[in-house]
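Protein chains in written order, with this note's numbering: chain G, 1 to 520; chain E, 521 to 944. Glycine included, every Cβ here is placed at the ideal spot set by N, Cα and C. In this text the structure is predicted, and so the values were computed from the model without any measurement.
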Amino acid sequence: MADKINLFVNGVEVEVESGKNLIDAIGAVGIEIPHLCYHPALGADGNCRMCLVGIEDGRPPLVPACKTPAQAGMKVLLDAAHIKKIQHDVLEFELINHPTDCPVCDQAGECKLQDYYMSYDQVESRMTVPQVTKGKKMDFGAGVVHDQERCVVCGRCVRFCREITKTGELGIINRTDDTRVNIFPGRPLSNRYALNVVDLCPVGAMTSKDFRFKQRVWFMKKAPGVCHGCSKGCNITIDHNREKYKDDVIYRFRPLLNEQVNGYFMCDEGRLSYKAENDGRLSEARLSKQIRSIDDVLAACTKEIERAEKIAIVLSPNCSLEQLVTVKALAEKLGASLSGYSDGYFKKGDGDDYLIQDDKSANRAGLTLLGIDCSKDGFEKAVQEASLIINFNNDLTLSYQESELKKLCKETKIIAISSHDNLCTGMADMAIPVASYSEYAGSIINCDNILQRFVKAITKNDNLADICEIAVRLGSPLQSDEERFSELKQFISALGEFQPDKIPAAGLNLNDSEAANVTA
Amino acid sequence: MEVKILSAKFDIKDAHKIKVAKEHGAYSTLDKVFAMKPEDVIELVKNSGLRGRGGAGFPAGVKWGFLPKGTGKPVYLAVNSDESEPATFKDRYILVKDPHSMIEGIIICSYAIGSHDTYIYIRGEYTTQVKALQAAIDEAYKEGYLGDKVAGHDFKLNVTVHRGAGAYVCGEETALLESVEGRKGQPRSKPPFPAVAGLYGCPTIINNVQTIASLPFIIANGADAYKAYGTEKSPGTHLFGISGHVEKPGMYELPLGLPLLEVIDKVAGGVWKGRKLKGIIPGGSSTPVLLPEEAKTVTLDYESMAEHKTMFGSGGIVVLDETVDMVHLVKNLIDFYHHESCGQCTPCREGLGWMLKIIKKILSGDGTMVDVDLLRELCDNIEMKTVCVLSAACTMPVRSYLDKFRHEFVAYVTKNDSSAAEAK
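See the structure below:
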């Protein structure tokens, strides 16, 4: 816990964290200082001049709050007429050359200029001379489209590429009101985090080619989630919407602040992985490639299980901890072998030293923690001995060529319990659709041994069962969430302290001592 | 009225060559300096009352005293030769006619502040000057006045000339440092001030050419000899560039404190062609204009200028005769400062462009009283809200023209605006 200090805002004493600048310190207690260029991940630049405040201690009449550290006893002046006038005046300068194209701007609804106009301005334009014209819909590469006229030249995008990705593709060129953000000729954005500039942009200057013109942001529901694109488990906001007569569809993932995991950012691949939640899904149950009801297929599965001499159960490294223990209990009850073999989920050398990991699965640490065998030998031996394979959403096509897989499973019946339609479901004798990670709640452990819980974000029209539910229908004894959680506690002692819904939102760092994780 | 302190060698043929310069006393103060303690040199300069000649007039010795002690970091000296304020043409004379006085000053200052690296930032357009300066520096290296052992003393000093690329804003000290470091020349937000974290994050002193070139005289003759010139608070001499509508425009070295109108009449020959005086820009284009009535009581020193709500600035005096159209002048002024705005911070970037369009509208005859009042209001809205004072360099003079010559602006908009006719 950071030290607390007391200072005065508009004469009222408030307690804030020390060591922060005024925007963050005062912002944390709910008092807004308007700003465009400052971003906590990128530091203070001081160019927008929206955050000018008065400090009553004899220093220069105005200081940028972003560059002023909070100090005990400081008297910050925010609501004085002359400060309010500055906020209004600076905003007017930001707006005079800004196109009034909010009706067709993707940022509308989450735009700082719009918000500040409503809070600090609300007067008619006094601009009676022609506006400055600049470049429109410029393709900056990496799926980023730039509008120089909307840009307020806060430089967040430029600083992101210099300081975070250290690739430096963006720069500010020219002077005066001709100043603009641009790429170097023929050298577009080419880093794997480029789309973060779209989130960083306080206005609609940076837009995502993928999201442009798809949805008005105020129609979308927002739900927190954890990206399953790799073992980092970046926290995300899932923006989704159920349009009239249509299904609940995800339109974008955006990074959600978690200092312990991903900070403010996420990679582009993870960001665009929302598409796999919408598309390519297994939507109906199949028995011998014929569409049947889930109950019919489950009944057939039960018969197969009873008939089978030896069963091999295989699990996905993306399964939640709850799913893993439920299926593990099923395997123990059926005397089945259990494997989490999933070498195909590794993309060796793909990771970097920032967020992207080689391992493209979300919960391999969970598999390991529960002592589930992940070896290739173990898996192949089990498959060869078995007369029935029950595959819980493990995309084996990542680990095997089609011919290899067919050869391996030639003699064996396959039950595929899958969120997506793929070769495995195509080969299966019985296929049962299940929810994908945006459609159920659960916990996963990331590559840094941080346990994170996520909630159910999406409810499809045709609500699919979670793997836990299917495992129970097939005979798993862990029938309730409480039972699963108490089973998990056997493996993860740190969970002993918590109720399932009381796990810290920022995640539980299993590397730390348990005491450190007890929230006050 | 003229004196010869800084300009002592200006009339000597080939004084830019080290041999001639030495014959006339160049580098003669070094033995004396190196015999002193650095802090005594600072004290001497403090006592002389020498003020920064870049425009702000901050006492040089006091500035040097701001350097933090014992940081373990190198200390840099940056000499500001960007001289880009319109109507200013003083440093260029030193650079071409007497560069060795400046180099001698650099050695004195470097010894006082404990710096071993000097960067001279010279404006890109100064091609003749940069050649002369570099030739002088090369000579000084050859003669042992720069390099590992300055004048045989155990003191190392390297001097690097850095040419600007033509940006006015690079005369602002932190933009200058950014430019030397190889980045886009735009001012840094302060604090930290350069004395604490300047060039490459190290303590840095930035002084104007004329300030540095004033040092040898002070060392040679002492603080009192320097204070014998000028006024109590503005001691010494200054190179004034007098231009505009006078009979004898030119660069004149004068002690501070002389009456402005007397200087214009006696030194510069008075307003040309027998015309009437309309206004005086006292210290470069960024200083508020003075009306003839106001000018009567103005003397050429920092205090008198401040009392008359203008600034001493760079000593670039522009005399305006009765034929000058102040609306055109203001358009010219805004055009320049808008063009030179670095574009970093919002009020200056957007505001000066807006002001330029408004003044153009007024000039074209399409303006109304609303535009005149808006122009005046924008001066207030922009000024002092910005990272540096470039915007103030525009808004301060523009406000002065709008206030002192309002009727001329009103005249331009009268035909469109009946309310303006009444205002007139």
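Distance between residue j and residue i (C-alpha atoms, nearest Å)
i, j, result
"E/E559", "E/A632", "6 angstroms"
"G/T459", "G/N278", "12 angstroms"
"G/K381", "G/D248", "42 angstroms"
"G/C102", "E/D855", "32 angstroms"
"G/M266", "G/A457", "19 angstroms"
"E/G761", "E/G770", "6 angstroms"
"E/K589", "E/G634", "10 angstroms"
"G/N97", "G/E110", "20 angstroms"
"G/I450", "G/L508", "5 angstroms"
"E/T648", "E/P812", "37 angstroms"
"G/I294", "G/V217", "36 angstroms"
"E/D845", "E/N852", "11 angstroms"
"E/Q864", "G/F160", "17 angstroms"
"E/N728", "G/A81", "39 angstroms"
"E/F530", "E/K786", "21 angstroms"
"G/S363", "G/V104", "Checking the displayed sequence, the identity of residue 363 of chain G turns out to be Asn instead of Ser. One C-alpha to the other measures close to 41 angstroms."
"E/G777", "E/F832", "11 angstroms"
"G/V518", "G/L321", "A caution first: G/V518 carries a pLDDT of 43, below 50, which makes its placement in the model unreliable, though a value can still be read off. Rounded to whole angstroms, G/V518 to G/L321 spans 21 angstroms at the Cα level."
CB contact check: residue i to chain A, cutoff 8 angstroms
i, result
"E/K905", "Included in the structure are the protein chains G and E, with no chain A among them."
CB contact below 8 angstroms: residue i versus chain E
i, result
"G/D89", "yes"
"G/K67", "yes"
"G/L52", "yes"
"G/E497", "no"
"G/F93", "yes"
"G/Y38", "no"
"G/P64", "yes"
"G/N21", "no"
"G/G46", "yes"
"G/V198", "no"
"G/E124", "no"
"G/N182", "no"
"G/I86", "yes"
Where the alpha helix (DSSP H) containing residue i begins and where it ends
i, result
"E/V565", "558 to 568"
"G/Q323", "321 to 334"
"E/D658", "647 to 662"
"E/F856", "846 to 860"
"E/T915", "910 to 924"
"G/K406", "402 to 408"
"G/L95", "81 to 96"
Anticipated Cβ contact below 8 angstroms, residue i with residue j, distance rounded
i, j, result
"E/G759", "E/T819", "Looking at the sequence provided, one finds Leu at residue 759 of chain E rather than Gly. Actually they do not touch by this definition, with Cβ atoms about 17 angstroms apart."
"E/S920", "E/V809", "5 angstroms"
"E/L526", "E/A733", "6 angstroms"
"E/P707", "E/V689", "7 angstroms"
"E/I882", "E/V847", "6 angstroms"
"E/L697", "E/T731", "Contact flag wrong, Cβ pair sits at about 17 angstroms."
Boundaries of the beta strand (DSSP E) in which residue i is found, first to last residue
i, result
"G/K413", "413 to 418"
"E/Y596", "596 to 601"
"G/R281", "That residue, G/R281, is in no beta strand (DSSP E); it is neither H nor E in DSSP."
Minimum Cβ-Cβ distance from residue i to chain G less than 8 angstroms
i, result
"E/I854", "no"
"E/I801", "no"
"E/G686", "no"
"E/R612", "no"
"E/C914", "no"
"E/S516", "Limits of chain E in this structure are 521 at one end and 944 at the other, which puts residue 516 of chain E out of reach."
"E/S502", "Residue 502 of chain E falls outside the range modelled here, since chain E spans only 521 to 944, and no answer is possible."
"E/H859", "yes"
"E/T866", "yes"
"E/G691", "no"
"E/S709", "yes"
"E/L894", "yes"
"E/W584", "no"
Practice item. Quick one: which residues of the region 159 to 178 of chain G get their C-beta closer than 9 angstroms to a C-beta of chain E? List them in chain order. Key: Hits within the stretch, in order: G171, I172, I173, N174, R175, T176, D177, D178.
**Study point:** Short-range partners of chain G found in the region 919 to 939 of chain E, where Cβ spacing is below 9 angstroms
**Key:** With the criterion set as a beta carbon lying under 9 angstroms from some beta carbon of chain G, the region 919 to 939 of chain E has no members that meet it.
Check your understanding: Taking a cut of 8 angstroms between CB atoms, which residues from the region 129 to 142 of chain G lie near chain E?
Key -> Taking 8 angstroms as the Cβ-Cβ cut-off against chain E, the residues of the region 129 to 142 of chain G that qualify are V129, P130, V132.
Exercise for review: May I ask you to list, following chain order, the residues of the region 769 to 796 of chain E that have a beta carbon less than 7 angstroms from some beta carbon of chain G?
Suggested key: Answer in chain order: no residues at all.
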